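Residue numbers (UniProt numbering), protein chains in the order written: chain A, 1 to 305; chain B, 1 to 307. Backbone N, C-alpha and C define an ideal beta-carbon position, used for all residues, glycine too. Values in this document were obtained by computation on a predicted structure and should not be read as measured data.
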Amino acid sequence: MKVTETPPAAPAPRSPVAKTDAPSGRPDKGTEGTVLNVFSHGMLIIWAVLVVMPLLWAVMSSFKTDDSILSTPWALPDKLHFENWSRAWTQAHMSDYFLNTILVVGGSLVGTLLLGSMAAYVLARFDFPGNRFIYFLFIGGMSFPIILALVPLFFVMNNMGLLNSVHGLILVYIAYSLPFTVFFLTSFFRTLPTSIAEAAMLDGASHTRTFFQVMLPMAKPGLISVGIFNFLGQWNQYMLPTVLNTEPDGKVLSQGLVELAVSQGYKGDWSGLFAGLVMAMLPVLAAYVVFQRQVVAGLTAGALK
Amino acid sequence: MQHGKYRFIAGFLVVPLALYAVFVIWPFVQSIYYSFTDWTGLSPDFEMVGFDNYSKMLQDDIFWKSLQHSVLLVLLLPLVTLGLALFFAFMLNVGGRRRKGAAVTGVRGSSFYKIAYFFPQVLSIVIVALLFQFAFNPTSGMLNSTLKAIGAGSLQSDWLGDPDLALYCVMVVLIWSTVGFFVVLFSAGMASIPKDFYEAALLDGASRITTFFRITLPLLWDTVQSGWVYMGILALGVEAFTAVQVMTVGPGGPDYSTSVLPLYVYQTAFRDAQAGYATTIGVGLLIVTMLFAAVVMRLGRRERLEF
Chain A
1 MKVTETPPAA PAPRSPVAKT DAPSGRPDKG TEGTVLNVFS HGMLIIWAVL
51 VVMPLLWAVM SSFKTDDSIL STPWALPDKL HFENWSRAWT QAHMSDYFLN
101 TILVVGGSLV GTLLLGSMAA YVLARFDFPG NRFIYFLFIG GMSFPIILAL
151 VPLFFVMNNM GLLNSVHGLI LVYIAYSLPF TVFFLTSFFR TLPTSIAEAA
201 MLDGASHTRT FFQVMLPMAK PGLISVGIFN FLGQWNQYML PTVLNTEPDG
251 KVLSQGLVEL AVSQGYKGDW SGLFAGLVMA MLPVLAAYVV FQRQVVAGLT
301 AGALK
Chain B
1 MQHGKYRFIA GFLVVPLALY AVFVIWPFVQ SIYYSFTDWT GLSPDFEMVG
51 FDNYSKMLQD DIFWKSLQHS VLLVLLLPLV TLGLALFFAF MLNVGGRRRK
101 GAAVTGVRGS SFYKIAYFFP QVLSIVIVAL LFQFAFNPTS GMLNSTLKAI
151 GAGSLQSDWL GDPDLALYCV MVVLIWSTVG FFVVLFSAGM ASIPKDFYEA
201 ALLDGASRIT TFFRITLPLL WDTVQSGWVY MGILALGVEA FTAVQVMTVG
251 PGGPDYSTSV LPLYVYQTAF RDAQAGYATT IGVGLLIVTM LFAAVVMRLG
301 RRERLEF
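This is the structure we're talking about:
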C-alpha cells in the first residue's frame, strides 16, 4: 500500500542514462493516452455491438411477419406477432424438444455429479494400488477426439438396445462428462480439510456416511461450479444426440432446432424459426443473468489447470 | 477397518468406472481395431484388411481437403481469437485513463463489457450457427442488407455459397462465440499481476504497448498457452463439426470447401456406410490432435515466472 500513495506520475529522480525517449516524457504521454483511449473505447464498443446486434436482431425478427423479415430486415416489427411463438411452440414441436432436453439433462446432471464426486473423493483421499492409473485413465478422456469413439459407440449402444432412448442418452452423457468432473473434483476434495472427516469417523460414522453427510456438503462450491459447466455442456450437446438419438419424437433441443431450420426454411416460415431460436436462447440467457458470477467462475475453471 | 476401506473404495468406483469403460474407453480402443477392417457398419461381417484403409486415406482427395481445412482452423483460429481477447482484456484492465492515484485501471464500464462479451459462450453452438446462417443469407441476411444500406453494395456476396469464403465465414462464427470467454479468462489472470510491476514500468516511462509486451504477456503466458490448447481442441473437434454441419450446404460446403476432419469421419460412417474407413480417418484426426498439443507444449515452454 505504501507504494500506491506516491502518485506514479510524479517522476522519481531519473538517472540520466535511463531511457532515450525520456525527454519527451509527460506531454507526449498525455496525447498518447487520449488517442489510445479513443481508439480502445472505439474498439470495445464495436465488439460489444457486434456481440449484441445479432441477438437483438433475432429477438426482433421473431416478432415480425415473414414478409417484413425478408423485405426490411432492419425495420422494427409493425406489431408484436406472438403467433410466431405459439406456432413454434406447438406445431414445430419446440415443447417436445424442451421436455426431452430437460429429462435427459436433468438425469445426466444428477448422475454426473453423484458418480463424479464419488470417484473423485475416493481418488483424492484414499491410497490404494492403482489409484494413479485410474485417475489418469479418467483424465485422458479430456484430450482425445470424441468423434473417433462415436462410430463404435453407436454399435455398442445398438447391441445393448440403448439407441434412441432417454436412459441410453443419459448414461452416455454421464460417461463423457466424467473426465472433466473427476479431474475438477479430485483437486477440489484435496483442498478440503481432513480433520472434520476424521472427527466424524472417530464418532463412529462409516466411510459412506462420512462422505454423504460431511464431505459432500463441504464440497458444495465445487459441485456448483462443475455442475454449471456440465449443465451448459449437456444442454447444448449436439454431436452425441445426432448420432445416438435419431428418433423424431425423442429429439433434444439442439437437434430440434436444426430440424426446425430445415423444415421451416423449406416452408418459408422464417418468423417461426426465429421464434424457436429465441425460445431456445431464453433459458440460458436467464440462467446467465441470474447466476452470472457462478457461470463465469464455473466455465473459466475449466480452462485453468 | 482396513477391510471396510477397500470395500468402500471398490463400491464407490465400480459404477463410474464401468460406465466410463463401456461408453468411452472400450469404443475408443475398438475404433483403432476397426480402422484395420473393411467393416461397413451395416452387416456384422468384416475382415481384417491390414493397412488398406490407411493407404486409401492417403490417396483420398476429400481427406486431404478436410485435413487442410482442419489445420488452417487450428492455426488461424487460436491466433485471431486469443489476439483479440488479449487486446480487449488489456484495455479492460490496464488500458484506462489514470485516475484517483491508481497506477493502472481498466476503461470505464469494464464490468459491463465483460458481461456482454461472455454471453455468446453460454449459447449452444447450434443456435449461434443457425443465427449466422441467416446473417450470411445472400438475399435477406443481415450482412448483405447492411452492406447495401451503407452504400457498399458491391461488397455483397453469397457468403456461405462461395467456396473461397465459406470456411472463413465459419471461422468468424467460432471467433465470435469464443472471444468473450477468453476476455474474461485473461482479465482474471491480469487482475492477479501485482500492481507494483505496472507502477515501476510507468516510473521508467514505459508506454502501454511496451507494458503489454514486457509485463502482461510474459506473466500471462501459462494461461495463454492453455487457451491455445483449448482453442485447438475446439477447432479440431465438436465445435468445428457442429458449425460446419449446421451452417454450410451439403453439409461440407460447395465442393467440400468447408469440410473438416470430424465432419468427414461422421459422413463416411453414417452417410456412406464405411464404418471401418471412417475410424481410419478418425485415427488420422487423433494424430493431428496429438501433434498439435505436442507442438504447442514444445513452443510454449519457457521459464515460469514467479511473482
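For Ile134(A) and Gly141(A), what's the separation of their Cα atoms in angstroms?
11 Å
Reduced DSSP secondary structure (H/G/I, E/B, other) of Met53(A):
helix
Looking at the secondary structure, which residues open and close the alpha helix (DSSP H) in which Ala116(B) lies?
Ser110 to Val122
Cα-Cα separation between Tyr266(A) and Met43(A), rounded to whole angstroms
39 Å
Since Phe231(A) and Val105(A) are thought to touch, with beta carbons under 8 Å apart, how far apart are those beta carbons, to the nearest angstrom?
7 Å
Would you call the CB atoms of Met94(A) and Met279(A) closer than 8 Å?
yes
Helix, strand or coil: how does DSSP classify Thr37(B) here?
strand
On the three-state DSSP scale, how would you describe Met142(A)?
coil
For a cutoff of 8 Å on Cβ pairs, would you count Pro27(A) as touching chain B?
Any reading at Pro27(A) must be qualified, since the residue scores a pLDDT of 41, below 50, and its modelled position is unreliable; the value itself is stated next. Judged by the 8 Å Cβ criterion, Pro27(A) is not in contact with chain B.
Looking at the unbroken alpha helix (DSSP H) that takes in Lys65(B), where does it start and where does it end?
Asp61 to Asn93
Roughly how many angstroms separate the alpha carbons of Thr181(A) and Phe136(B), rounded to a whole number?
37 Å
I'd like to know if Leu148(A) contacts chain B, where contact means its C-beta is closer than 8 Å to some C-beta of that chain.
yes
So the candidates are Ile32(B), Leu84(B) and Leu72(B); which of them puts its Cα closest to the Cα of Ile147(A)?
Ile32(B)
Minimum Cβ-Cβ distance from Phe119(B) to chain A less than 8 Å
yes
Does the region 287-298 of chain B come within contact of the region 225-237 of chain B, defined as at least 3 CB pairs closer than 8 Å?
yes
For Val94(B), would you say it is in contact with chain A, using Cβ-to-Cβ distances shorter than 8 Å as the test?
no
Enclosing alpha helix (DSSP H) for Phe241(B) [first to last residue]
Val238 to Met247
Entirely within the region 219-296 of chain A and at least 4 residues each: give me those alpha helix (DSSP H) ranges in chain order.
220-235, 239-244, 253-267 and 270-290
Would you please verify whether the beta carbon of Trp85(A) is less than 8 Å from any beta carbon of chain B?
no
Taking C-beta to C-beta, are Glu239(B) and Ile127(B) nearer than 8 Å?
no
Express the C-alpha separation of Leu77(B) and Ser24(A) in angstroms, rounding to a whole number.
For Ser24(A), the pLDDT reaches just 38, beneath the cut-off of 50, and the residue's location in the model is therefore unreliable, leaving the point undetermined.
Could you spell out where the alpha helix (DSSP H) holding Trp85(A) opens and where it closes?
Glu83 to Thr90
So Ser117(A) is in the alpha helix (DSSP H); what residue range does that whole segment cover?
Met94 to Arg125
From the DSSP output, in three-state form, read off Met160(A) for me.
coil
Step through the CB atoms of chain A and report whether any lies within less than 8 Å of the CB of Phe212(B).
no
Note down, in chain order, each residue of its chain lying with its Cβ closer than 7 Å to the Cβ of Thr280(B), except the 5 sequence neighbours on either side.
Ser35, Asn53, Tyr54 and Met57
At a Cβ cut of 8 Å, what residues of the region 177-188 of chain B count as close to chain A, listed as they run along the chain?
Val179, Gly180, Phe181, Val184, Leu185 and Ala188
Beta-carbon contacts of Arg26(A) that lie in its chain and below 7 Å, excluding the five residues immediately before and after:
Model confidence at Arg26(A) stands at a pLDDT of 41, short of 50, so the residue's coordinates are unreliable and nothing is read from them.
Have a look at Leu130(B) and Phe8(B) and give me their C-alpha separation to the nearest angstrom.
48 Å
In angstroms with no decimal places, state the Cα-to-Cα distance between Arg108(B) and Ala275(B).
55 Å
On the premise that Ser271(A) lies in contact with Lys64(A), defined as a C-beta separation below 8 Å, what is that separation, rounded to the nearest angstrom?
6 Å
May I ask you to report which of helix, strand or coil DSSP gives Leu13(B)?
helix
Sort Gly107(A), Ala197(A), Leu223(A) and Pro145(A) by Cα distance to Phe211(A) and report the nearest one.
Ala197(A)
Is the Cβ of Ile134(A) closer than 8 Å to any Cβ of chain B?
yes
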